[in-house]
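Residue numbers (our numbering), protein chains in the order written: chain A, 1353 to 1697; chain B, 1353 to 1697; chain C, 1353 to 1697; chain D, 1353 to 1697. All C-beta atoms in this analysis are idealised placements derived from N, C-alpha and C, irrespective of residue type, glycine included.
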C-alpha cells in the first residue's frame, strides 16, 4: 500500500531522529525551560528577523490554535475564519470548548478577503452578537491554496483598521513558503500578523509546532494558558531538540528542503494527471491536490494507494485528496500516475 | 549538576528509542488508528486481564485527567480529590476550564479515605452545590505514598454505594506497583476502578500515557473528547510504539524493572539520610522523597544537585523533593549522601 | 412616540399584575418550590395533554435555550439551527459559552427542513467535527414565519431517524398558534418535540417562560443545571403566579387572546401597507412584519414611530421591523398607515 | 405556618409594587436602555458619592457574581473566597462553569483576612496553579457577620499590594449597613472595592441587584458579558423602576428602613433566645441568626415555623437558621419566643 493519505504518516526526518538520540540521556528541566527550547527559539527569532517576540514550543496544531484563541479573546469575543479553516472545520469544536464562537465565512478558494471580513463585521455589530476580535487564516489553506504577499498585506491592513488580531495557522507553512506560486518571505509573513506558527508535525518532526507571538498582550502569562489548556509537555525539550534539527541552516535547513520536495512531488502528480485530462477541486499550489475521478476509478486506485475521499460522490464522480510529504518517493508518484493511466485508458 | 529534579528530565529508555528508530519510516494512518496502537492496547488488556475495556493512548497526564473528567461528568457534577491531588493542585485549573469543580479535601498522607468521601457528600447534597460524581485518586500519590489493596477496595466500595465513578491517576503507577510496601497487583487495581492510566512520561517514555476505561458510559465517543480537548496526536502511532517497547514481556518488561530501579534508588537515599538522622515530610514509599534540611544545608546542596524546594522555609529548615528515575545512577545517589554527610558533620 | 419596536416594551397584562398584587404578601418557599409554580405546571400539562413531562419556570428565553442545550448535549456535541435562529444569532455566543457549537445552516424563510438537516449531518460526520445531537427551531421563526404541522412532523421524523433531539423555541409561541396560517395545535406541537417553551416575556408577562421537557434524559437533575447557568430565581413563585394568570381558561385564556390581538394588528399593518404597494422582506405570518421603504421614508417615519431598522440600506431602500403586541392600540396601527400614506403619496 | 425561612419568601414592598403598577403600560426600549434604569443608576451614583462608575441592573445575585468574575478574569486566573462564600458554596459551580477556580479558604467567622489572602497567594504562585486575581467577600457574610471599616480597609490594601481586584457581594448589603455593629458607610465601602452590588431580592424587591463597577477594565463591554451569561432582561426597566422606588430618599429610603426593621426583628429574636440560655452558631450581627436547640425542640418548632436546619445533628442538638425580613411581623417574633419558652420550660 502506497500512502498519499497525509503528510504525517511517517516518523521524523532522520536528522531529527538523530538529534533526539544524541540528546536522549541529557538531563534538563521540564516544561520547555531548557537550553534546547531556548536555542530553537533564538534560531526562529533570527530566521524571521524579529527579536522582540515570544516563541512557545507546542505539541500540535490544534493546541496551538485553541490556546492562542483562548488566550487572546475576552469571553464575548469571536474569531473570523473561513468555513474550511482547520480551527472551524476539523477540531471537533475545540475552540467553542473554550467558550468562543468561530464566525465561519464562505471563503474564496479557501481564503478570506478584506471584503469577507467586512461582511462578518457588518453582521456582528451589536451587543447581542459575539464581537469579532481575531482573524484566523491558514497559510497554505486547508485546500492547498496560498495567500500572496499582497493578499495577506491587505488582510493585515483591514485587521489593523478594525482592531482585529491576525493569527496565521502555519501547519504546512514550509509548503507555502517553498511552492512555486509563493511571493512572500517568512519575514514578510511575520511582519503582517500578530502571531503565527511554524508547523513541524506535517513537515518532518515527530510532532511539534513553534508558535511565534509578537503581540505582547496575547502573550501575557501565556505559559499558564498552555498548561490550563493541557498543552504543556513535561519533556518540553523534545520540541526544542527537534526544531534545532529542523531549522539548522536557516533558509537552507531541511525544514525548507523537505517542504520543497513535497511540493515537487505534488506538482508532478498534478501535472501528470492534468496531462491525462483529470480535473481538480479547488486550485492547490502546495502539497495537497484534489483530483476528481469516476468513482469506479477511485475504487480501483484504493486497492494500491491509501488516500482520503474528499467529498461525497456526485454524478458518479468522487474527489480524492492526495498528500505528498518529505518522505514521498518519486517512484510512488510514478506508480500512481501509471496506475491511473492504465485504468482510464 | 546532578538531577534529582524530576523523573522526566531525560529522554526515553534506549529500548523505546530503538523502537521509534526501527519504525520511523513506516507509513501508518493518523490519530492512533494504527497497528502499533492496536497492539499496545491488546498488550495492556492482557496485562490487566480485562478484555472488555478500551485503551486510549494519551499525550500526557493532564490531558488524561481532564479528558476523562470532562467526558464523564455532566455539567453540574464535580470530582472529589485530595487537596494535594495533581488534578487539583498542579494543572492550572485545567479541570475547571472544562466547567467542573474539583472538591478538594484534606487527605491523610496524600490519600482519600471512605470517611473523607462521606464528608464531601455531606457537604454537597442539594441542588445549590455541584453534585459529586467521581472520585479522583493517584497511585502513588503526589507525595509518594500508596494505597494498600484494602484501602483501595474500601474506596471502591464506597464509590459503588454512592454511584461515584472511581478514576486512578497512574502517572507513576510503575513506582507504586514495584515498591516494597505494595500489596496490590495491577489486575486488582484495574478491578477496583472505572478508569486508570499507566503513566509513560515519568517512567521511561518520551511522553505518553495509556488510559484504560472499563466503564462503557465514560468511553462513549471518547475519541471525539480527546480531539475536542486538543489531545489527539496526529502521529498517534508514536504512543503505540513506545508502549509496545515499554510493556514487552508484561510483568517482566522494562516498564516494571525501570520503576523498581527508581524505587531502589529512592530507598537508598532515604535510608542513607535516615541514618544521618535526617527527617522527612510525609511518608513516601516510592520514588519521591522529601527530606528536611537546615536551609543553609540546602543552599550548599543546590550547588551540585538540582531539585525542588518543596515547602517555604520554616524555622530555619527547608523541605526538598528528591526524585529518582529509571536513569538515576547509583553513583549519583552515593554522591548526594556523601555530600550531605560532609556538610552536616 | 409610538412603539412598534418590540413586543416587550410594556409591562404585563393587567390580569398578570393583579395576580402579582394579590399574592404579594404571601410567604412561600424559594426557587420555584411553591404552590403557584406547581399549579402553573399542572395547568400546562393539562393544556398540552401530556402528564408525563416536566415543567420548569425560567426567567427568559436565552436562559431557556442555553440551559436546555447545555443540559442535553455531551461536550463534543453540537446543535443544528437556522442561521437566523435566536440561539445562534442573538445571544452573544451564550451557547458557545457552554462549550457547544451551533451549526448554523441557511434556512428557507427562516426555517430548517429535513434536507437541510441531512446536509448538516453530511458535513459533520467524523470525530474531527462536533457531532450534531439536537435540532433547534423557533416557532414562529425570528422572521415571523411558521412551521406547518406537516413541516414540523417531517422534522420530527428526521430527528428520530438520526437520534437528534428536537427543541422548539417558543418565545412567541402564542403568536404562532393563533395566526391565520397555523394548522398545528399546541398538543400536536408538543407531541413532535423533546422539549419546547411557552414564551411569556413577549406575550404579556413581566418576564418568564415555561419550559416543557418530555425527554427524561434531558431533564435529569435539570434544576442543578438551572442554578449552574445562573437562572434559578429566588422568588420563583413570581413565574408561577404569572403563568397561572396567563393560562387561566386554557385555550380561552388571555395568553391566546393577547397573541391573537397582536397578530390581528400585524395583519392590519401588512394588508394596509400591501395595499399601498409596499413590499416586504420574507413572508411573515405572525406579529412581526418587515416592510421595505425608501430610506427617506424611513427617516420620516422614525420621527413619530420607534422601530428597528432590520437590514443595512441597499439601493436607497431600508427594511424595518414592525412588531405588534397584546398592548398595541388599533389607533396606533391606523396612525402608522396614515403616516405612510401621507409620506409616499 | 410562620416563615423564618428566608428574606425572599414574600413579594416586594408595597411601594415597589406601586411603582411597577404605575409604570406598567409605559413603553420603553428593552434590555435596560431606558429612562428608569438610567435614573436609578444616577440615584446610586449620588448615594455612593461616585460619579465615575458604571451601574448595571442585574436579575439576581448569582448572575451578578458570575458575570463580574467571568468578565474580570483571564482564563487562567482564580478568585479567592471564604469557603462559606455564596459564590463558592451555594451556586452549583456556576463560577467554575465559566472556567475559573474559586480558591476556597477557611474564613474566620465567615470572613477573609489579609493573612488568609497571603496564605492563598503562597499556595498559588507558579504557572501550574490558577493565578489568583480577585478577592470575593460578602458584606454581610453568609453567616451574618460583618466586616468592620478597618477590616475591609485592610483587605483593600492587601488587594492593591498584590494587584488583586476586590469585589463585594452585597446580597444583604442593607442589613450590614443598618446593623448596630456597623461602622462603615456605603460611601466608604464603595471606596474600598473595585465593584460591589446593592442587593434588592433579599430586601424588598421582586428581584434585582444593582451592580456598581468602578474599575474601567472590569466594565469593558460589560453588557456583552451580561447577555453572554444569559442575564440581560428583555424588560430591563423593571429593574430600574424597582430601584427608583427602593432608593427614593437616599439614606432615608425604604431600602434602609426595611433592612433596619429586619435587623431589629433578628436582634429581638437573638436577645430573647439568649435570655433563655440558647446558644448560637457563629456570631451574627445582621438578619440571620443560628440558634442551637435540642433536636426534639426543633421537631416541635417546625410544626408552626418554617426555617432551615443549618447543620447536621450533632450530640442530639441541631442548629437552625432564622431569617427576618422587611415583612417580618413583630408578633411572629413574639410567637416564636413564646413557643420556645413553652417547649423548653
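Check                                                                                                                                                                     : Outcome
Kindly list, in the order they appear in chain C, the residues whose Cβ is closer than 7 angstroms to that of residue 1444 of chain A.                                    : 1428, 1479, 1480, 1481, 1482
Identify the continuous alpha helix (DSSP H) that holds residue 1561 of chain C and give its terminal residues.                                                           : Element bounds for residue 1561 of chain C: not the alpha helix (DSSP H) but the beta strand (DSSP E), 1561 to 1565.
Mind checking residue 1377 of chain A: buried by the 16 CB within 10 Å criterion, or exposed?                                                                             : exposed
Near residue 1628 of chain B, what residues of its chain come up, given a Cβ to Cβ distance below 7 angstroms and the 5 sequence neighbours on each side ignored?         : 1692, 1693, 1696
Let me check one thing: in DSSP terms, what residues is residue 1676 of chain D bridge-paired to?                                                                         : Residue 1676 of chain D pairs with nothing; no bridge assigned.
Going by beta-carbon coordinates alone, are residue 1598 of chain B and residue 1557 of chain B separated by less than 8 angstroms?                                       : yes
CA-CA distance, residue 1499 of chain B and residue 1636 of chain B?                                                                                                      : 11 angstroms
Residues of the region 1588 to 1602 of chain D in Cβ contact with chain C at a cutoff of 7 angstroms, in chain order, please.                                             : 1590
For the alpha helix (DSSP H) that residue 1558 of chain D lies in, which residues bound it at each end?                                                                   : Neither: residue 1558 of chain D is in no alpha helix (DSSP H) and is coded neither H nor E.
Check whether the Cβ atoms of residue 1660 of chain D and residue 1586 of chain C lie closer than 8 angstroms to each other.                                              : no
Is there a Cβ from chain A that is less than 8 angstroms from the Cβ of residue 1346 of chain D?                                                                          : As shown, chain D starts at 1353 and ends at 1697. That puts residue 1346 of chain D outside it, with no answer to give.
Mind checking who residue 1660 of chain C pairs with in its DSSP beta bridge?                                                                                             : C/1673
If you drop the 5 nearest sequence neighbours on each side, which residues of the same chain put their C-beta closer than 7 angstroms to that of residue 1446 of chain B? : 1414, 1418
Can you tell me the Cα-Cα spacing of residue 1385 of chain D and residue 1658 of chain C, whole angstroms?                                                                : 14 angstroms
Thinking C-beta only, is residue 1356 of chain C closer than 8 angstroms to residue 1649 of chain C?                                                                      : no
Helix, strand or coil for residue 1637 of chain A per DSSP?                                                                                                               : coil
Compare the C-beta of residue 1415 of chain B with all C-beta atoms of chain D and state if any pair is closer than 8 angstroms.                                          : no
Over the uninterrupted alpha helix (DSSP H) stretch that includes residue 1424 of chain D, give me the two end residues.                                                  : 1413 to 1424
Do you know whose CA, among B/1454, B/1643, B/1532, lies nearest residue 1662 of chain B's CA?                                                                            : B/1643
I'd like to know whether the C-beta of residue 1670 of chain B is nearer than 8 angstroms to at least one C-beta of chain D.                                              : no
Could you check where the beta strand (DSSP E) with residue 1484 of chain A kicks off and where it finishes?                                                              : 1483 to 1490
Just curious, the beta strand (DSSP E) that residue 1549 of chain B is in, first and last residue?                                                                        : 1547 to 1551
Relative to chain C, which residues along the region 1574 to 1589 of chain D have a C-beta separation below 7 angstroms, given in chain order?                            : 1576, 1579, 1580, 1581, 1582, 1583, 1585, 1586, 1587
Roughly how many angstroms lie between the CA atoms of residue 1373 of chain B and residue 1433 of chain A, to the nearest whole one?                                     : 39 angstroms
Going by CA-CA distance only, name the one from D/1408, D/1450, D/1464 that's closest to residue 1706 of chain D.                                                         : Because chain D in this structure spans residues 1353 to 1697, residue 1706 of chain D falls outside the shown range and cannot be described.
Specify, as a first and last residue, the run of the alpha helix (DSSP H) that residue 1625 of chain B falls within.                                                      : 1606 to 1627
So residue 1451 of chain C contacts chain A; which residues on that side make the cut at Cβ distance below 9 angstroms?                                                   : 1445, 1448, 1449, 1450, 1451
Reducing DSSP to helix, strand and coil, say where residue 1377 of chain C ends up.                                                                                       : coil
Do residue 1480 of chain C and residue 1579 of chain B have their C-beta atoms closer together than 8 angstroms?                                                          : yes
With three or more C-beta pairs closer than 8 angstroms as the rule, is the region 1493 to 1512 of chain D touching the region 1530 to 1545 of chain D?                   : yes
Restricting to Cα atoms, I'd like to know which of B/1606, B/1678, B/1689, B/1595 is closest to residue 1626 of chain B.                                                  : B/1689
From what residue to what residue does the beta strand (DSSP E) around residue 1517 of chain D run?                                                                       : 1517 to 1521
Just by C-beta distance, which residues in the region 1353 to 1367 of chain A are closer than 7 angstroms to chain B?                                                     : 1355, 1357, 1358, 1360, 1361, 1362, 1363, 1364
Give the residues of chain C in contact with residue 1664 of chain A, contact being defined as C-beta atoms less than 9 angstroms apart.                                  : 1474
For residue 1645 of chain D, which residues does DSSP report across the bridge?                                                                                           : D/1670
Short of 8 angstroms Cβ to Cβ, which residues in the region 1368 to 1384 of chain C face chain D?                                                                         : 1369, 1372, 1373, 1375, 1376, 1377, 1378, 1379, 1380, 1381, 1382
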